[in-house]
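The opening residue of the sequence shown carries number 9 in my numbering; numbering runs sequentially from there.
Even glycine gets a Cβ: it sits at the ideal position worked out from N, Cα and C.
Reading through the structure tokens given below for one structure.
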Amino acid sequence: MQLDNHQDTSIDGLKERVLELAKRRGFLWPSYEIYGGVAGLWDYGPFGAMLKHRVESAWRDIFVVGESALPIETPTIGVEELFLASGHLSNFVDLIVECVNCHTALRADHVVTEYLKSRGIAADLCDPGIAGACVPSSEKTQQLIDSHGITCPDCGGPLGKVHDFNLMFTTHIGPGTQRKGYLRPETAQGIFADFPRLLRFHRDRLPFGVAQIGKSYRNEISPRQGVIRLREFTQAEAEVFVDPREKNHHPRFDEVANVEINILSKDFVGTASVKSACERNIIAHEYLAYFIARCQEFFIRVGVRESRLRFRQHLPDEMAHYAVDCWDAEGLTQHGWIELAGIADRTDYDLRQHERQSGLQMAVFVPYEAPKEVERIVVRPNMGYLGPKYKGKAKQVAAFLSGISNPEGAIVFDGQVVDPEGYAIETVRESISGDFVTPHVIEPSFGIDRSIYTILEHAYDEDTIDGERRVVLRLSPHIAPVEVAVFPLVKALNEKALEVFRLLRRAGLLVEYDDSGTIGRRYRRQDEIGTPFAVTIDHETIENSTVTVRDRDTTKQVRSSIESLADVLREMLVHGFDKKSF
């Protein structure tokens, strides 16, 4: 597998052409356009909504059906305690700076990077490492603004002080200020809050996975990359709860062991199998490698070019506070390499944090294959001494002493040392049948909107047919918003064409009917929205009940009987255009 490290420059202004097509053909529209629009908010038009639905269905097919990660849905509004536990209230921040003159709020590290890049100066907001892989420092960012005299990119005015800005949208639950809430910045925390019930649902056994597709919200400071950086976006996440002692033994690892992936890490750059990457300790363990392979399977299925897909390992200085190893699936676009998904080992961080915040146990009892005999040092309360000594508190002290295991040194209750006469220390042998284990979480998390933009850019193409320029979206048939278009060659054939249209619709195919304009114009319209096949009803149809089937990519045509048409099209949607199918 050859990694394409160069952006496609064969089509001038590719990203502008992709967005123009997306707007014109009903894939993506700026939200609230009649009121001037809002940065970071986009609508999906009719074809875009169908495309998005089919991309999500492909994700469910791999992670819900294929991995048995059963889906749940949790609210998009979270209570304050949830985000206190997760660390989002303190850690979920970007650097912000405001122009003193025009009062525009700007992402400070982006302003500095773009300014220095435009002048050929190496940006040094943090340790260089791998390009694009660092967490900016507020101190270094401020220092660079001051030392280079960086000004507002909009009006040229001076910039204020750099400070942290929390990216969560704040709200209140109920009237007035009864309870503070936040729009969730990720779907994961709702799953973690449901862990006790999910554990009971899965009969207290590990491993198990939970999936969720839904909206998340981040109050981005100055989103300027179209649909790449949004304030409201769709995530598809799976949280896989595993016994930490079993992370290097995925039961289905053999299925993906030989899958080749493009790797960019601190220790290795190139192509390797996931098995090799595990054996060489490039990827931390089998569970992480397994889901990296499944992640690649998804992206290839929905039309991301394999040569423009890589997996980049986070450097230590950019690793999330909860992760021990994390990889980004990145797609190469005209915006550069952009993150499409993250595959992280979140350890037991989230469950332990929610355990502390809620006071509820977030552990799993894992039985041994056979009971074990162990020695344990216990404390036996002496009520004959404790009663007269502590009177009304004697039972409380006794319960406290009974709960101590393997004591070391003096025993202190309520700030006072308990007299040794009040208890005895004994060694006992007992049989134990298992341990309580706090699961670790392996999380593949996908940005659906970024993925859809990448799919559109990778699918966009221009060629020449019969001396005429053609724009074509070479979308995978798995996700095309329309699978088959039906055309009557002339108006007199409308009735027969509608009969074929209804037949294919009853067969479960995504079909569009079009009798407007010349047949060439109709082909071009369907090519632009990525419809794989077009069926034309012509005069031969009346004579022998056959139709013309045209392939989008090659524009080749063959004839098929109406009787077998639905089966033929289903076969072609799976295996491609092949005359032998007829």
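{"Asked": "Could you give the C-beta distance for A244 and F454, rounded to a whole number, given that I count them as a contact under 8 Å?", "Found": "4 Å"}
{"Asked": "If you drop the 5 nearest sequence neighbours on each side, which residues of the same chain put their C-beta closer than 7 Å to that of V119?", "Found": "V105, I158 and P161"}
{"Asked": "What did DSSP end up calling K188 once you bin it into helix, strand or coil?", "Found": "strand"}
{"Asked": "Looking only at its chain, what residues have a beta carbon closer than 8 Å to the beta carbon of K504, apart from the 5 residues adjacent to it on each side?", "Found": "P496, I545, T549 and I550"}
{"Asked": "State the Cα-Cα distance for the pair G475 and E228, rounded to the nearest angstrom.", "Found": "46 Å"}
{"Asked": "In chain order, what are the residue ranges of uninterrupted beta strand (DSSP E) at least 3 long that sit wholly in the segment 38-97?", "Found": "50-52 and 85-87"}
{"Asked": "Indicate the three-state DSSP secondary structure (helix, strand or coil) for F249 in the structure shown.", "Found": "strand"}
{"Asked": "According to the neighbour-count rule (16 or more other Cβ atoms, all chains shown, within 10 Å of its Cβ), is E24 buried or exposed?", "Found": "exposed"}
{"Asked": "Can the beta-carbon of R482 be found less than 8 Å from the beta-carbon of D561?", "Found": "yes"}
{"Asked": "Could you tell me which residues DSSP puts in a beta bridge with V492?", "Found": "V519 and F541"}
{"Asked": "Measuring alpha carbon to alpha carbon, tell me which of G339, V332 and L124 ends up nearest L272.", "Found": "G339"}
{"Asked": "If you draw a straight line from the alpha carbon of E287 to that of I473, how long is it in whole angstroms?", "Found": "50 Å"}
{"Asked": "Measuring alpha carbon to alpha carbon, tell me which residue in V490, V494 and H547 is nearest F55.", "Found": "V490"}
{"Asked": "DSSP state of H171, grouped into three classes?", "Found": "strand"}
{"Asked": "Hey, A331 and R354 are a contact pair by Cβ (cut 8 Å); roughly how many whole angstroms apart?", "Found": "6 Å"}
{"Asked": "Is Q361 closer than 8 Å to G95 when the C-beta atoms are compared?", "Found": "yes"}
{"Asked": "What residue from R514, P485 and D523 has the CA that sits closest to A500's CA?", "Found": "D523"}
{"Asked": "Let's see if you can read the secondary structure: which residues bound the alpha helix (DSSP H) around P396?", "Found": "M391 to Y398"}
{"Asked": "When you compare each of I153, L175, R529 and L323 to G168 by their alpha carbons, which one comes out closest?", "Found": "I153"}
{"Asked": "Would the beta-carbon of W67 fall within 8 Å of that of F249?", "Found": "no"}
{"Asked": "Where does R388 sit, in a helix, a strand or coil, going by DSSP?", "Found": "strand"}
{"Asked": "Could you tell me how far apart the beta carbons of I412 and V387 are, in whole angstroms, since I believe they sit closer than 8 Å?", "Found": "5 Å"}
{"Asked": "Could you tell me whether the segment 419-429 touches the segment 367-385, using the rule of 3 or more Cβ pairs below 8 Å?", "Found": "no"}
{"Asked": "Name the DSSP bridge partner or partners of N266?", "Found": "Beta-bridge pairing links N266 to no other residue."}
{"Asked": "Please report how far the alpha carbon of A292 lies from the alpha carbon of T554, in whole angstroms.", "Found": "57 Å"}
{"Asked": "Closer than 6 Å by C-beta to L114: which residues in its own chain qualify, once you throw out the five before and the five after it? Chain order, please.", "Found": "V105 and S230"}
{"Asked": "So, with DSSP's three-state summary, where would you put P379?", "Found": "strand"}
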